[in-house]
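Comments concern the structure below.
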Amino acid sequence: AVVAGSVNELPFGDASFAAITSLDVLCHAGAEPGALLAESLRVLRPGGLLVMNLPALPWLRSAHDARVFTVRRYTRASITAELAGAGFVDIRARYWNALLLPLMIVQRKVLSRREGAASDVGAFPAWLDALLFAATRLEARLMRLGLNFPVGGSLIVTATRP
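Numbered as in the working numbering, the sequence shown ends at 1535 without a single skipped number.
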């Protein structure tokens, strides 16, 4: 069933879910971080898992963020503190999109300054899409082997309701 509601006031009963995925939601203009995290904690069962993907590195903020309604970027420390403050435990935050970070910096901080530059969200030529996908797959393999990148364009975060 599809249910419409606000992330700041979830239309579900207490302890309704074993897991929640939140992919690039906490960072958006309409999301109130305190309310969203409190609601996530409320609707998770004890021991339930919150999985989030978030844009990382506040200094990477650019016109692209404004175009996709991103108002917050996080660091590993900042999201860990927010989740702990909301009552979550077993918090793990890892940077990813590290291999593509140099390209993101060039796109967001240099090329986007051109007049009329648009967001980089969109279709790429097939060869470029395949190359970017290969870089992301390689990075995922490295992370599965235990590599922890010191920075990246995104964060993957897990946290548990006590």
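Don't be surprised by glycine CBs; every beta carbon is placed ideally from N, CA and C.
- Non-local C-beta neighbours of S1389 in its own chain, meaning closer than 6 Å and more than five positions away in sequence, comprise V1416, ordered along the chain.
- Rounded to the nearest whole angstrom, the C-alpha separation of D1438 and V1444 is 7 Å.
- With contact defined as three or more Cβ pairs closer than 8 Å, the region 1452–1462 and the region 1522–1532 are in contact.
- Distance from the Cα of A1402 is smallest, within the candidate group A1503, P1475, R1440, F1506, for R1440.
- Counted as a single uninterrupted DSSP element, the stretch harbouring D1463 is not any alpha helix (DSSP H) but the beta strand (DSSP E) occupying residues 1462–1469.
- Just so you know, the alpha carbons of L1511 and A1404 end up roughly 32 Å apart.
- When the beta-carbon positions are compared, Y1468 and L1423 stay at least 9 Å from each other.
- One Cα belongs to P1428, the other to G1495, and the distance between them is close to 17 Å.
- In this structure, L1399 lies near L1410, with their beta-carbon atoms less than 9 Å apart.
- Close CB contacts of A1466 within its chain, under the 7 Å cut and outside five residues either way in sequence, are with R1449, I1452, T1453, L1528, V1530 (chain order).
- Residue state for E1382 is assigned as strand, using DSSP reduced to three classes.
- Just so you know, the alpha carbons of L1476 and L1504 end up roughly 12 Å apart.
- The beta-carbon separation of A1471 and F1522, rounded to 4 Å, stays under the 8 Å limit for a contact.
- In the three-state reduction of the DSSP assignment, A1391 falls in the strand class.
- By alpha-carbon distance to G1407, the top candidate from F1461, L1430, A1391 is F1461.
- For V1376, no alpha helix (DSSP H) run applies, since DSSP gives it neither H nor E.
- Boundaries cannot be given for L1472, as no alpha helix (DSSP H) includes it and DSSP labels it neither H nor E.
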